[in-house]
Amino acid sequence: MPCPSQTPGFNVPNYVRDMAHQGERLKWKWGGHVSRLQGCRWAHISTTWDPRIGRRNRGRPGTRWADFFKSLAGPLWSRTANNREEWRSLQFASIE
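Quick note: the sequence shown uses numbering that gives the first Met the number 0, first residue 0, plus one each step.
Structure, rendered in structure tokens:
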């Protein structure tokens with residue numbers, strides 16, 4: 000039996016789309032907030048921490064939390080987040 004989302008004529012409920020939209024919006028808000036924190040705060044340290052130390056295992060590297068922002072805002076996304084207007088414009092452009 001095919002998955003309901005792959006069935007022709009099946010519509011994804013609006014609340015599922017709204018939850019995905021809300022999750023992405025909150026991720027953008029948290030990313031901007033964390034990048035503006037001082038480097039000694041636990042939220043900043045734990046969010047920007049890269050756990051890969053030493054030799055990497057075989058296969059494709061895992062996706063880190065900040066890779067989402069690097070793909071949309073560039074490699075210096077934390078500097079971009081310090082400018083709130085530019086960060087908000089990137090947020091609205093990526094969500095819509």
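Just so it is clear, CB atoms sit at the ideal spot from N, CA and C, and this is done for glycine as well.
Source: prediction; values computed, not measured.
Item                                                                                                                    : Value
Alpha helix (DSSP H) segment containing asparagine 56, residue limits                                                   : From DSSP, asparagine 56 is part of no alpha helix (DSSP H); its letter is neither H nor E.
Proximity of alanine 92 and serine 34 at Cβ, strictly below 8 Å                                                         : no
Test item: CB-CB of arginine 24 and isoleucine 94 under 8 Å                                                             : yes
Proximity of alanine 65 and leucine 89 at Cβ, strictly below 8 Å                                                        : no
Sub-8 Å separation of aspartate 49 and arginine 63 beta-carbons                                                         : yes
Distance CB(glycine 38)-CB(phenylalanine 68) smaller than 8 Å                                                           : no
Spatial neighbours of threonine 47 in its chain, beta-carbon cut-off 6 Å, leaving aside the 5 residues before and after : none
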